[in-house]
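Numbering (the numbering used here), first residue to last: 4 to 133.
Listed below in structure tokens is the structure:
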């Protein structure tokens, strides 16, 4: 064994989404100044995202739910603060990485929906004995 841990595809998609969301956060930090009273939100975001990435492989049937929650969060925030700006023709430096976060949120949200559906189907088959 070479010591390299294999990563499941769903975990890789979640990690990619988290990295894009964190990349966007870093971009925001470098391009705009956050008021001091809002910096705690950044720490909460980074902490929750890092914790979710770390425990994701151990979540089992809850992977889909976690993917949906984070996917909705990333997609909604990016849509409200970046996609709408672009639709109005108001382009700023952070909007490009915001679009990357939006796409990542959609991918993680979609994957979460599929994982949740698959978990429900597996559970129904197990209960019916099929």
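Cβ coordinates follow ideal geometry from the N, Cα and C atoms, glycine included.
- For residue 46, the uninterrupted alpha helix (DSSP H) segment begins and ends at 42-58.
- The closest CA to that of residue 87, considering only 101, 75 and 129, is found on 101.
- A contact is defined here as three or more CB-CB pairs under 8 angstroms, and the segment 29-36 fails this definition with respect to the segment 70-83.
- DSSP places residue 117 inside the alpha helix (DSSP H), whose first and last residues are 96-131.
- Each of 11, 82, 66 and 130 was checked against the Cα of residue 107, and the nearest Cα belongs to 82.
- For residue 31, the enclosing alpha helix (DSSP H) covers residues 12-34.
- Counting along the chain, the unbroken alpha helix (DSSP H) around residue 66 starts and ends at 66-81.
- About 12 angstroms separates the beta carbon of residue 114 from that of residue 18, a gap too long to meet the 8 angstroms contact definition.
- Residue 105 counts as buried, since at least 16 other C-beta atoms from the protein chains shown sit within 10 angstroms of its C-beta.
- By the C-beta density criterion, residue 23 is buried, having at least 16 other C-beta atoms within 10 angstroms.
- No residue range can be given for residue 85, since it is assigned to no alpha helix (DSSP H) and is classified by DSSP as neither H nor E.
- Residue 34 is classed as exposed because its beta carbon has fewer than 16 other beta carbons within 10 Å across all chains shown.
- In the structure shown, the three-state DSSP call for residue 92 is coil.
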